[in-house]
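A quick write-up on the structure given underneath.
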Amino acid sequence: MIDPDPHRLLVAGDGQQLAFAEAGELLEGGVEVQLFAGTGEQGRADGLAGGASFDEPGGISVADEVLYVADTNNHAIRRLVVSTGTVDTLPIEVP
59 MIDPDPHRLL
69 VAGDGQQLAF
79 AEAGELLEGG
89 VEVQLFAGTG
99 EQGRADGLAG
109 GASFDEPGGI
119 SVADEVLYVA
129 DTNNHAIRRL
139 VVSTGTVDTL
149 PIEVP
């Protein structure tokens with residue numbers, strides 16, 4: 059689930075599973091969802107997760123310690139590296 063503010067991405071996990079919910083919500087097992095990435099402002103800034111900005115993050119894919127996010131209105135694939143807490147934009151060339 060994506061945060062109702064379309065410029066943030068909220069993720070919770072226990073090391074085994076990821077859950078998506080609104081900030082402050084308690085999930086099964088007492089896990090509280092915290093803001094993972096995004097300033098809450100519309101944009102396309104890379105950097106530390108808390109300073110990154112998105113414009114309607116949509117689909118998410120997970121591989122190892124990396125979340126790949128379809129940043130819909132930026133027409134970009136964003137990479138969130140969990141171990142470093144950084145966000146960058148994948149360079150994609152359109153022929």
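Residues 59 to 153 (the numbering used here) make up the sequence shown, in order.
By construction, the Cβ of each residue, glycine as well, lies at the ideal position given by its N, Cα and C atoms.
Of the listed residues the options, nearest to residue i (C-alpha basis)
i	options	result
A95	E151, P153 and L138	L138
T147	G108, E99 and A103	A103
N131	D113, V152 and P153	D113
Opening and closing residue of the beta strand (DSSP E) in which residue i lies
i	result
G117	P115 to A121
E137	Reading off the sequence shown, one finds Arg at residue 137, where the question assumed Glu. Taken as a continuous stretch (DSSP letters only), the beta strand (DSSP E) holding R137 covers A134 to V139.
8 Å contact criterion, which residue i and residue j should meet: CB distance rounded
i	j	result
G116	A107	Rounded, the Cβ-Cβ distance is 18 Å, inconsistent with contact.
V145	G101	Incorrect: roughly 11 Å between the Cβ atoms, too far for contact.
Cutoff 8 Å; reference residue i; Cβ partners in own chain excluding five residues on either side
i	result
I150	A134 and I135
Minimum Cβ-Cβ distance from residue i to chain D less than 8 Å
i	result
I150	Among the protein chains of the structure shown there is no chain D, as only one such chain exists.
Neighbourhood of residue i by C-beta distance below 7 Å, restricted to the same chain and skipping five residues each side
i	result
N109	Going by the sequence as given, residue 109 is Gly instead of Asn. Excluding positions up to five away in sequence, the list reads T97 and A103.
Contacts around residue i, its chain only, beta-carbon distance under 6 Å, and the 5 residues preceding and following it disregarded
i	result
E123	V140 and S141
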